[in-house]
Structures are given as structure tokens and as C-alpha cells.
Amino acid sequence: MKQVTPFGVSGVRFRKQIEAFRKEVNHEMHVLQMIIFVEVVNNPQHTVNPKYIKDLLAIIPSSASRHCKRLTNDVEDGYGLCQVVYGHNDYISKYLELTKKGEDLADTIRPVFQEAFTLKGLS
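Set out below in C-alpha cells:
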């Protein structure tokens, strides 16, 4: 019989945050898109772009780009949580920035994430 390694407290927290995000946002949103959104929320402006995501998550460039675009309205079924902006001194580099809808969502999920993070009863 194969022994299963326990998910651990940090894994349980992560799962709870994903469940909370899906409940508040979209139950079908891909986990990578959730992570990218959280990266945009938690990082300074002009930081998060497909290259940053590719390096952070160790995924191929086309996958990083596709998941980033899905957070915008640049694709037909995009979420509209982010928009693409250009760097201040670099008109070639594109970055993700929160839209008003994205800022509202960030404000909504912060308490939900905090609750999922504390996980009463887990030590």
C-alpha cells in the first residue's frame, strides 16, 4: 500500500485560500491565474509581467502569457481584474496592473484570505 504524505498546515492554508478565492470570484478560475492575481496585488507597480510569472512559477512563456491575459479583458473570456500597462521609462515592457474591479476584489478577499490563513484550530 502506498503511503500518502500529509499536505501539512501550509498546504491546508493554501487550499483554504483557493477555496475562498473560488467562492468569492469564480469557481472555475485556474489556480495559476489566482496566484498571478495575488502577485499583482502584493507587488509594487510595474513588477508583474509574463516573464516574472514564468520565472516565479517555472512555466513556459506561452503559458505565463496566456494566464496573464486571462486576467484582463484582452481575451473574450477574460476576467477584467487587471489591465496591461507599459513601464515608465520602457515603452516595450508590459506589466499587469489592477483595474477598479481588481482593486475591489482585492479589498473583498483580504479578510477572507486572512481568515483562511489563520485557520482556527490548526497549529
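Quick note on my numbering: the sequence shown kicks off at 175 and runs consecutively.
Backbone N, C-alpha and C define an ideal beta-carbon position, used for all residues, glycine too.
First through last residue of the beta strand (DSSP E) which encompasses residue i
i      : result
Glu271 : Lys268 to Leu272
8 Å Cβ cutoff met for residue i and residue j
i      : j      : result
Tyr269 : Gly261 : yes
His241 : Gln207 : yes
Cys256 : Val214 : yes
Val259 : Glu277 : no
Lys243 : Pro235 : no
Leu245 : Ile209 : no
Cβ distance (whole Å) where residue i is taken to contact residue j below 8 Å
i      : j      : result
Phe195 : Ile283 : 6 Å
Ala238 : Pro224 : 4 Å
Run through the segment 194–279 for me and flag every whole alpha helix (DSSP H) of 4 or more residues, listed as ranges in chain order. 205–216, 224–231 and 235–244
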